[in-house]
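This report concerns only the one structure given below.
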Amino acid sequence: MGEFHDRMQSDLRLARKASGTQSEYLAHARRFVAFYRRPPTELGEAEVRQYLHHLIEERKASVYTQKMATAGIKFLYSVTLQRPEVVAGIPWPKVVDPLPAILDPSEVSPLFAAACSLVVRAGMMLGYAAGLRVSEVCALRVEDLDAKRSAIVVRGGKGGKDRQTLLSPLLHEQLRRYWLAVRPAGPWLLPGSKPEAPLDRRVLQNGIRLAVQKVGLRKRITFHSLRHSFATHMLEAGVDLRVIQSMLGHASIGTTTRYLQVRSDLLAKLPDPLALLRSRPG
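Residue numbers (my numbering): 43 to 324.
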């Protein structure tokens, strides 16, 4: 995309989009332009529609990929190229979120034990015990841990917002052991291959995939499943929904209430409908 790439990257930064969102938008805009091998200024709504149909019908892209591609192309035309009319008629795909995969409490510790490295294990524990996204785990600095207040400061989370979440005594102790064993140089709690750079999120994503295979779990567990499990287990332990909302950084309480649908403790307490039939006369 040449000059358009640099301008779009600048616009994304000025819009304070998260680093992951910036990368996704730019990647999809590049693919769109590369598909036609023409400057985006020479393309219009018909080409945008044709490309999105190509993703759906030929590439068999998921609805999430379609949504990100739509968002990236809309940003390119609406903001960078100042031609919002090109994408004004492009509809957003309907995304129906499935119920999240939740780890049983008995499955969590074996998963940690199966981690391929101390860094991956520490990252997985942060994802579960603090309810963090993988990008938030990788962005943590040592100074973000406040043991005296039992808090982790999450800087620039989704939507560019800062928040606090739980730093439990056991998590702090595990992170202290990790730090003494690894002695990471630089500011990052989980440094990358170069101390001045944070850990690449793919290290943690691949790490949990290998751990799931090693343990033999049949559930579709990803790194984000640790965050889902944190929220569900906190809810089952009686933590107030709004406290969980604050720790997760959800803008709407409606996003947090979806975890009510996966509470196994409530289902276990419900009466057996077949047993109720037996108790009725006649």
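The beta-carbon is built from N, C-alpha and C at its ideal position, and this holds for glycine as well.
- Which residues DSSP lists as bridging ILE194, in chain order: LEU187, THR207
- Close-in-space but distant-in-sequence residues of the same chain around ALA71 (CB under 7 Å, 5 per side omitted): MET43, MET50, GLY114, ILE115, LEU118
- Query: My guess is that VAL108 and LEU94 are in contact by the Cβ rule of under 8 Å, so how many angstroms apart are they, rounded?
  - Reply: Sequence inspection shows Gln at residue 108; the Val mentioned does not correspond to that position. Right, the Cβ-Cβ distance comes to about 7 Å (below 8 Å), so this counts as a contact.
- Pair within 7 Å by beta-carbon distance, VAL179 and LEU187: no
- Item | GLU45, enclosing alpha helix (DSSP H) - first and last residue | 45-56
- Message: Could you check whether ARG183 and PRO233 sit closer than 7 Å to each other, using their CB atoms as the reference points?
- Response: no
- Item | Burial state of GLN287, where buried means 16 or more other Cβ atoms lie within 10 Å | buried
- Residues of its chain near LEU68, where Cβ-Cβ distance is below 8 Å and the 5 sequence neighbours each way are ignored: HIS47, MET50, GLN51, LEU54, GLY114
- Mapping DSSP to helix, strand and coil, what is TRP230? strand
- Would the beta-carbon of ILE132 fall within 7 Å of that of HIS270? no
- Query: DSSP three-state call for PRO147: helix, strand or coil?
  - Reply: helix
- Item | Cα-Cα separation, ARG125 to GLY291 | 33 Å
- For PRO313, name the three-state secondary structure that DSSP assigns. coil
- Contact between the segment 188-195 and the segment 253-262: three or more CB pairs below 8 Å? no
- Query: PRO147 to LEU241, Cα distance in whole Å?
  - Reply: 27 Å
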